[in-house]
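Below is one structure, written out as structure tokens; the observations come after it.
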Amino acid sequence: MYRSPYEAYPFLCDAGEDLRCDFELLTDEMTSRTGLLRSLVKDEALKAELLWVCELIYHMNPTLRTRLTVTEEECAHLLELAAGWKARCGERCKLFVLTQGCEAACVAHLLRVQGKQLVRLIYRWVEKGHEVPDRLLDLANLLSGYFFYLALHLNEVEGVDEVPYVSRNYPAR
């Protein structure tokens with residue numbers, strides 16, 4: 001197999017069944033998208049929070065190849081942040097909504113989905129016989145929830161109403 005002398009990342013040619021590079025690329029994309037989201041918000045406290053989240057995701061990045069360096073305290077802080085956004089959303093977070101709204105909310109929804117993709121990728125890695133710290137799965141799931149509640153908040157700040165979604169396949173709860 002040809003390897004370019006200009007290879008953008010040394011692990012891009014890893015075997016297809018080795019999911020470590022896929023994990024690293026997904027977390028890299030999430031940090032980039034978190035930076036994009038940060039550029040779209042005006043609130044300085046939220047900008048600082050998003051910078052912290054961006055750094056947290058980067059600390060998760062090499063975990064499958066090395067070790068998890070995100071602490072219990074950092075995981076607890078992410079849980080607090082997610083719970084805070086959930087509390088601020090009130091009735092908005094009781095709906096299943098279409099993923100639409102202001103630009104920042106749409107970026108947050110994309111990050112929410114990527115958090116779920118990260119969870120799925122970790123489960124695939126474990127299924128292949130590898131062990132991961134429980135905290136890594138907690139972090140990936142928390143990121144998805146954090147960005148969901150943040151999307152609802154960002155729409156609210158911009159005066160955008162959520163559009164409820166009613167599934168034809170699943171009964172309302």
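The numbering of the sequence shown is the UniProt record's numbering, which starts it at 1 and goes up by one. Idealized CB from N, CA, C, for every residue including glycine. What you are looking at is a predicted structure, and each value in this text was computed from that prediction instead of being measured.
When DSSP states are grouped into helix, strand and coil, Val97 belongs to the strand group. By the Cβ-count criterion, Cys13 is exposed, with fewer than 16 other Cβ atoms from all chains shown falling within 10 Å of its own Cβ. Shown here for Glu24: same chain residues with a beta carbon closer than 6 Å to its own, the five before and five after excluded, namely Asn61 in chain order. The C-beta distance from Val97 to Val163 rounds to 6 Å, short enough to fall under 8 Å.
Separation of the CB atoms of Phe147 and Leu95 is rounded to 16 Å, and the pair is thereby denied contact status at 8 Å. Around the beta-carbon of Met30, 16 or more other beta-carbon atoms lie within 10 Å, marking it buried. By the neighbour-count criterion, in which 16 or more other beta carbons inside 10 Å mark a residue as buried, Tyr123 falls on the exposed side.
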